[in-house]
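In case it helps, the working numbering puts the sequence shown at residues 421 to 775.
Note that the Cβ used here is the ideal one computed from N, Cα and C, for glycine as well.
Here's the structure we're looking at; comments come further down.
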Amino acid sequence: MVIFGRNRLQTPPERPFRLDEISTAVCALCPGSQERWKATVSTRNFTLHVRQLVTGTPANLTQHWVRYLRRLVRQTYAGVQAKHISQLAAGLSYYFVLSLFPLLIAFAAALALVPLPNLFDQILALMAKFVPSDSMGLVRTVLKDVITPHGGSLLSVGILATIWAASGGVAALIEAVNVAYDLPDKRSFVQRRLLAIALMFAVGALAVAALSLLVVGPGFGRWLAGRVGLSAIFVALWPYLRWVLSVSCAVLSIELIYMWAPSSRRPFRSSLPGAVIALASWLTLSSALGLYLRNFGRLNKTYGTLAAAVALMAWLYWTAFAILVGAQVNSETIHLQETGTLPKGQSESRPATAA
Numbered sequence: 421m422v423i424f425g426r427n428r429l430q431t432p433p434e435r436p437f438r439l440d441e442i443s444t445a446v447c448a449l450c451p452g453s454q455e456r457w458k459a460t461v462s463t464r465n466f467t468l469h470v471r472q473l474v475t476g477t478p479a480n481l482t483q484h485w486v487r488y489l490r491r492l493v494r495q496t497y498a499g500v501q502a503k504h505i506s507q508l509a510a511g512l513s514y515y516f517v518l519s520l521f522p523l524l525i526a527f528a529a530a531l532a533l534v535p536l537p538n539l540f541d542q543i544l545a546l547m548a549k550f551v552p553s554d555s556m557g558l559v560r561t562v563l564k565d566v567i568t569p570h571g572g573s574l575l576s577v578g579i580l581a582t583i584w585a586a587s588g589g590v591a592a593l594i595e596a597v598n599v600a601y602d603l604p605d606k607r608s609f610v611q612r613r614l615l616a617i618a619l620m621f622a623v624g625a626l627a628v629a630a631l632s633l634l635v636v637g638p639g640f641g642r643w644l645a646g647r648v649g650l651s652a653i654f655v656a657l658w659p660y661l662r663w664v665l666s667v668s669c670a671v672l673s674i675e676l677i678y679m680w681a682p683s684s685r686r687p688f689r690s691s692l693p694g695a696v697i698a699l700a701s702w703l704t705l706s707s708a709l710g711l712y713l714r715n716f717g718r719l720n721k722t723y724g725t726l727a728a729a730v731a732l733m734a735w736l737y738w739t740a741f742a743i744l745v746g747a748q749v750n751s752e753t754i755h756l757q758e759t760g761t762l763p764k765g766q767s768e769s770r771p772a773t774a775a
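What follows is the structure, encoded as structure tokens:
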């Protein structure tokens, strides 16, 4: 490779090209691109990133990301300890219990209006895979007592009771997420309550959509294909597509919390890592808790008739803990983006020495 000077050919120096040399060459070849180039490389973080891509090899780029992830894990763990995330999750589990049963009333009444056969029983069977068995008996009893004698007539009453009762749990979650993000919440009480109500409906709708997509079988794919006029390929892919859509709805429901709950709105992209980690953590912790209670836990001998309530509190605690850990991951990711993506221990002068 050679560089064309004004009157002679120049052999490349025994070092990587600096970014300003690349900029000069681009501007010399394409004079009209000078302003666009300057706008592109205006930020310092982007300059460091381009220098690493130009001068780095796959080995040191891999090492860079390993150090970055190691630092992210270390700082997330330190943040969880410093901000008492475990204690915050314990407090949230109390608020969730107070909000749960009004939500179940509205949920059961809404299910009565959905024209799908055996939808109620199928959703209960699906919930049993995530909720501890002792707690699931309590939830099933409450739902059947509500939906059997009254049907959908309780929908309006259930929603009216839910609007205030459930907003308390979501408002507490909003406050805890702001703690994880290191943000003071300066919004008024009315603003927080209205936001809590909006989040309650948005997250609840996405959660119901995620469960419904898992409940409906291949028959729904054939019905939808015939209704809309889709090809047979869609029918063949539907058993897999419904899982993808269900997971997407679940991730989006958590991401809405991370986008709207902080007092400073967060973009979609910066909230995605924590949402994915929160969902994966919740699934893992729920499965581990259910496995422990089925094989090792003897809550009936210890707590007697309160065993179902204790198991439910434990499940809600791990649910809140997973959400707050995801918020802490987002907080640390934003902090690393603002301070530069170079891991701790890697000198920022490295690109300059390479230049």
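Close beta carbons around residue i, own chain, < 8 Å, minus the five adjacent residues each side
| i | result |
| --- | --- |
| D605 | I594, E595, N598, R612 and S683 |
| V655 | P638, G641, R642 and A645 |
| S690 | N750, T753, I754 and Q757 |
Sequence-distant residues of its chain with Cβ nearer than 7 Å to residue i (five each side left out)
| i | result |
| --- | --- |
| Y515 | G588, G589 and A592 |
| R607 | S683 |
| F609 | none |
| L806 | The displayed coordinates of the chain run from 421 to 775. Any statement about residue 806 would go beyond what the structure contains. |
| L512 | A592, L593, A596 and A740 |
| P569 | Confidence is the limiting factor: at P569 the pLDDT is only 48, short of 50, which leaves the residue's position unreliable, though a coordinate-based value still follows. Hits under 7 Å: none found. |
DSSP three-state assignment for residue i, whether helix, strand or coil
| i | result |
| --- | --- |
| F621 | helix |
| G588 | helix |
| P552 | coil |
| D602 | coil |
| S519 | helix |
| L492 | helix |
| P693 | helix |
| P659 | helix |
| S412 | Outside the shown range of the chain, which is 421 to 775, sits residue 412, and nothing can be said about it. |
| L719 | helix |
| R612 | helix |
| G571 | Summary for G571: the model assigns pLDDT 47, below 50, so the residue's position carries little reliability; its value from the coordinates is reported in the next sentence. The answer is helix: DSSP assigns G571 an H, G or I state. |
| H755 | helix |
| H484 | helix |
| R560 | helix |
| L744 | helix |
| S666 | helix |
| R686 | coil |
| R776 | Residue 776 falls outside the range modelled here, since the chain spans only 421 to 775, and no answer is possible. |
| R642 | helix |
| G724 | helix |
| A509 | helix |
| G649 | coil |
| A681 | coil |
Neighbour-count burial assignment, residue i, 16 or more Cβ in a 10 Å radius
| i | result |
| --- | --- |
| K503 | buried |
| N750 | buried |
| E758 | exposed |
| S632 | buried |
| Y497 | exposed |
| G499 | buried |
| S651 | exposed |
| V648 | exposed |
| I697 | buried |
| F688 | exposed |
| W663 | exposed |
| T482 | exposed |
| W485 | exposed |
| V623 | buried |
| I677 | buried |
| Q748 | buried |
| G694 | buried |
| L518 | exposed |
| I653 | exposed |
| R686 | buried |
| G711 | The residue asked about is misnamed: residue 711 is Leu in this sequence, not Gly. Exposed is the call here. |
| L699 | buried |
Cβ shell of residue i (< 6 Å), same chain only, five flanking positions each side left out
| i | result |
| --- | --- |
| A627 | S673 |
| I505 | L744 |
| L756 | none |
For residue i, the nearest candidate out of the options (CA to CA)
| i | options | result |
| --- | --- | --- |
| L523 | A630, Q748 and A585 | A585 |
| Q501 | L676, F741, R647 and D541 | F741 |
| A509 | K549, L756 and G746 | G746 |
| S706 | K549, L512, I543 and R487 | K549 |
| L726 | Q483, L558 and S519 | L558 |
| I617 | R685, A629, L657 and I583 | I583 |
| L692 | Y488, R685, V667 and V671 | V671 |
| M679 | T561, T722, L615 and H484 | L615 |
| L544 | L634, L512 and L603 | L634 |
| A681 | D541, A729, R494 and D602 | D602 |
| L665 | A629, A695, A729 and L699 | A629 |
| E675 | F716, R491 and L619 | L619 |
| Q495 | R560, Q507 and A600 | A600 |
Any C-beta of chain B under 7 Å from that of residue i
| i | result |
| --- | --- |
| F716 | In summary, chain B is missing from the structure at hand, where a single protein chain is found. |
Residue i Cβ short of 6 Å to the ligand SAM heavy atom set
| i | result |
| --- | --- |
| A727 | Judged by which ligands are present, the structure shown has none, so any question about the ligand SAM falls away. |
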